[in-house]
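Engineer:
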Amino acid sequence: MKGIVWSPSPIFNGYNRVVAKSAGKVLATFKETGDPLIVVWTFGKGRAMAFTSDISPHWGAGFQDWKYYEQFCNQALDWLGSR
1 MKGIVWSPSP IFNGYNRVVA KSAGKVLATF KETGDPLIVV WTFGKGRAMA FTSDISPHWG
61 AGFQDWKYYE QFCNQALDWL GSR
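Structure follows, in structure tokens:
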């Protein structure tokens, strides 16, 4: 999330409604509902992330047009793949 400005936030056309695991750290929520958008946690020796919307045009068309889209995806993958 370093260097990513969420205001104004990207527009999502939908998402999967979930409840964050107790061990998860909620990094972003939907303002309108408070439902999680991004949750991260560790699993064994690895890392996991739930992203409850879509990075492709189905629900994420506005997300793909967002200034920080590429940076977000790259940083998320880097974080998930590091130890």
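Just so we're aligned, residue 1 is where the sequence shown starts under the working numbering, counting upward by one.
Beta carbons are placed, not taken as given, at the ideal position from N, Cα and C, and that holds for glycine.
Express the C-alpha separation of G14 and W59 in angstroms, rounding to a whole number.
Structural biologist: Within the sequence shown, numbered from 1, the residue matching residue 59 stands at position 59. Within the sequence shown, numbered from 1, the residue matching residue 14 stands at position 14. Between W59 and G14, the C-alpha separation is close to 5 Å.
Engineer: Is the Cβ-Cβ distance between V40 and K25 less than 8 Å?
Structural biologist: Your numbering for residue 40 matches position 40 in the sequence shown. Your numbering for residue 25 matches position 25 in the sequence shown. Against a cut-off of 8 Å, the Cβ pair of K25 and V40 comes out as a contact.
Engineer: For the ligand COA, is there any heavy atom lying closer than 7 Å to the beta carbon of R47?
Structural biologist: Questions concerning the ligand COA fall outside what the structure shown contains, since it holds no ligand whatsoever.
Engineer: In the DSSP output, which residue or residues are listed as bridge partners for V84?
Structural biologist: The structure shown has nothing for residue 84, since the chain only spans 1 to 83.
Engineer: Could you check which residue in L37, N16, D54, A23 has the C-alpha nearest to that of M1?
Structural biologist: By 1-based counting over the sequence shown, the position of residue 1 is 1. For the residues L37, N16, D54, A23, the minimum Cα distance to M1 belongs to L37.
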